[in-house]
Amino acid sequence: MNLVPVNSVSGQHFETIIIGTGFGSSFYLHEARRYGLQPTLVVDWGQFHPHDWQVEQKRNSATAVSDTFNSESSKVWNYTIGFGGGMNCWFAQTPRFHPTDFQLASRYGIGQDWPITYDELEPYYAEAEEIMSISGDPDMARIMPRSRDFPQPPHNLTTADQLMKRAQPDRHFAMPTARARVATSTRSACCASLRCQLCPVDAKFTAQNGFPGLYDDPAVKLCLGTRALHFVTAGDRVTELVVEHEGREYRLHADRFILGANAIQSPAILLNSGMESPLTGAGLHESYGFSVEVFLDGLDHFNGSTITTGINYSLYDGDHRRDTAAALVYFENRWTYGLRREPGKHRWSLPVTIVTEDLLQPENRVLSKAATPQPVPTIAYGDASDYARRGADRALRLLPEVLKPLPVEAIHFRGYRPTESHLQGTLRMGRTPDDSVVDADQIHHRWRNLTVVGTSVFPSCSCANPSLTVAALSLRAARLAVA
Ligand SMILES: Cc1cc2nc3c(=O)[nH]c(=O)nc-3n(C[C@H](O)[C@H](O)[C@H](O)COP(=O)(O)OP(=O)(O)OC[C@H]3O[C@@H](n4cnc5c(N)ncnc54)[C@H](O)[C@@H]3O)c2cc1C
Ligand code: SF4
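What follows is the structure in structure tokens.
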């Protein structure tokens with residue numbers, strides 16, 4: 455790792471400065487490096503915490519998330535400040551977005567279209583899956599067309615998943631995941647030890663095991679413990695990034711800037727810079743989730759080879775999306791609720807997670823610093839939309855029908871989930887400055903040497919986990935910029 459102190463680079467000029475080392479930034483850097491990277495400086499607020507440190511300390515970072523933003527709402531937001539960002543804490547679930555997620559407005563008259571289609575992103579999905587050695591079910595191509603096979607075979611299904619898949623071959627699939635089905639040169643095979651935030655056997659893809667060499671490149675200098683505060687602009691260009699390290703401020707210069715803090719910190723940096731537009735910071739959201747425990751009648755569960763084994767699209771696409779959110783059903787192989795107590799029935803339990811899409815509501819947002827002069831960003835958040843709630847109600851109502859292939863004894867609602875750990879949407883991408891902050895290439899509509907990467911650019915909320923899509927978008931943005 456080419457670590458340098460920030461005071462040694464503050465007088466230098468770089469071709470590119472990248473903020474953050476998480477999904478958006480690292481996949482961008484990876485692709486830019488393939489195409490002859492020029493001198494690049496990467497700054498990250500967090501520190502490097504080796505895998506062993508994380509497992510021993512039982513945390514992903516020494517920085518508490520709660521110290522990095524203010525909020526009067528009880529809504530939980532979850533992320534990692536540290537080298538690798540969300541690649542440390544993630545559970546490595548990697549479904550692609552459904553093709554219709556990119557066209558909500560034009561198909562169903564709700565929400566916003568993306569400025570790119572599934573087909574345009576597809577080759578980059580395939581590349582991101584290759585980089586992360588994704589394990590997946592080839593049958594998924596029935597609803598999400600694929601140009602390449604999954605790099606790894608699917609994980610072993612539970613018996614319940616097998617029954618579901620047999621009855622619903624075009625809707626029930628093995629979960630795509632970056633938890634290795636087969637060991638790679640840097641990762642063990644996943645052994646379903648079920649604590650993926652701190653995987654003890656290093657089976658999931660992380661920045662540390664997945665990007666060897668990326669941050670060793672002599673053309674890439676890395677400053678850790680260095681927080682981006684704000685940009686300085688002149689005309690339609692960003693000229694400087696002002697950072698803070700151990701209480702001192704430094705000015706860093708480059709031709710191009712890549713903003714890949716997360717969907718709370720990235721808009722805060724723009725707002726602190728006075729680089730406001732009506733949508734900057736607006737639309738903070740994530741998918742809306744709840745859990746149920748399905749009591750099975752005479753069927754043992756927990757015999758799959760990873761933590762989440764099945765994904766079911768029965769409640770996903772359709773005309774209901776005009777007023778009721780899509781829902782995605784995850785079949786869990788983790789004993790979230792323990793085993794059943796009745797003799798002989800210990801494993802007759804199937805935990806299920808259901809998530810719905812949400813809408814980007816303008817009042818849910820990161821506030822400008824002028825409104826709340828705090829050292830860290832302030833969030834205003836009300837609630838998920840009625841659209842999302844209707845989707846959850848519909849999913850709960852229709853679940854018995856979806857689960858018909860299984861011997862179901864009872865379905866027990868186990869509560870709404872406080873967070874899906876998927877903050878998104880605060881610097882959305884679109885076609886014009888009226889509907890978005892960045893364009894289809896993720897370049898800011900007004901400051902043309904500034905690219906935004908990460909979940910902040912999502913203009914709609916898929917039910918699916920976001921990080922594979924972030925990775926694919928970053929590969930595409932980098933390719934368009936440097937190829
Ligand atoms: C517990 C948990 C489980 C998850 N599981 C999954 C999953 O299974 N599948 C999935 O798809 N997603 C999952 N996610 C979500 C995933 O982590 C995020 O979607 C993803 O990391 C977003 O990528 P990003 O590039 O936007 O931000 P990040 O990956 O969070 O990267 C942001 C980077 O910016 C740095 N940074 C922040 N502010 C500043 C600043 N001011 N100056 C300099 N650097 C800064 C951070 O340290 C970090 O390195 C999970 C998240 C959590 C918390
Ligand atoms: S299920 Fe266990 S082995 Fe697999 S990625 Fe999660 S923690 Fe690691």
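Under this note's numbering, residues 455 to 937 are what the sequence shown spells out, in order. Built from N, CA and C at the ideal position, the CB exists for glycine as well. Only a predicted model underlies this, so the values are computations on that prediction, with no experimental measurement involved.
Check                                                                                               : Outcome
Beta-carbon separation (whole angstroms), GLY752 vs LEU611, contact threshold 8 Å                   : Going by Cβ atoms, the distance from GLY752 to LEU611 rounds to 18 Å, so no, they are not a contact pair.
Limits of the unbroken beta strand (DSSP E) element including ALA864                                : 862-870
CYS645 - DSSP class collapsed to helix/strand/coil                                                  : coil
Alpha-carbon to alpha-carbon, CYS677 and LEU683                                                     : 14 Å
Close Cβ partners of ARG681 (< 7 Å) along its chain, the five nearest in sequence each way excluded : TRP499, VAL697, GLU698
ILE765 CB to nearest heavy atom of ligand 2 below 6 Å                                               : no
C-beta contact flag for ALA657 and ILE588 at 7 Å                                                    : no
Residues that DSSP places opposite HIS524 in a beta bridge                                          : The question names His, but residue 524 is Asn in the sequence shown. Beta-bridge pairing links ASN524 to THR832.
Nearest-angstrom Cα separation, counted from ALA518 out to LEU929                                   : 30 Å
Anticipated Cβ contact below 8 Å, THR494 with ALA673, distance rounded                              : 6 Å
ILE473 beta carbon near ligand 1 (any heavy atom closer than 6 Å)                                   : yes
SER587 beta carbon near ligand 2 (any heavy atom closer than 6 Å)                                   : no
Cβ pair count under 8 Å reaching 3, the segment 613-629 against the segment 759-773                 : yes
Distance between beta carbons of GLN651 and ASN787, contact taken as under 8 Å                      : Their Cβ separation, rounded to whole angstroms, is 16 Å, which puts ASN787 and GLN651 out of contact at 8 Å.
Touch test, the segment 790-801 against the segment 849-856, Cβ-Cβ under 8 Å, three pairs minimum   : no
Best match in LEU668, LYS823, GLY689, SER727 for proximity to VAL496 [C-alpha to C-alpha]           : LEU668
MET883 - DSSP class collapsed to helix/strand/coil                                                  : strand
Between the CA atoms of GLY798 and ALA661 - distance to the nearest angstrom                        : 43 Å
Test item: CB-CB of LEU927 and ILE718 under 7 Å                                                     : no
Counterpart residues of CYS677 in DSSP-defined beta bridges                                         : VAL497
Segment contact flag, the segment 737-747 with the segment 534-551, C-beta cutoff 8 Å, min 3 pairs  : no
heavy atom of ligand 2 below 6 Å from ARG649 C-beta                                                 : yes
ASN524 versus LEU713 - alpha carbon distance                                                        : 21 Å
Span separating the alpha-carbon of THR807 from that of ASP709                                      : 45 Å
Through-space distance from GLY476 to GLY538, alpha-carbon basis                                    : 4 Å
VAL906 beta carbon near ligand 1 (any heavy atom closer than 6 Å)                                   : no
C-alpha distance - PRO732 paired with ASN726, whole-angstrom precision                              : 14 Å
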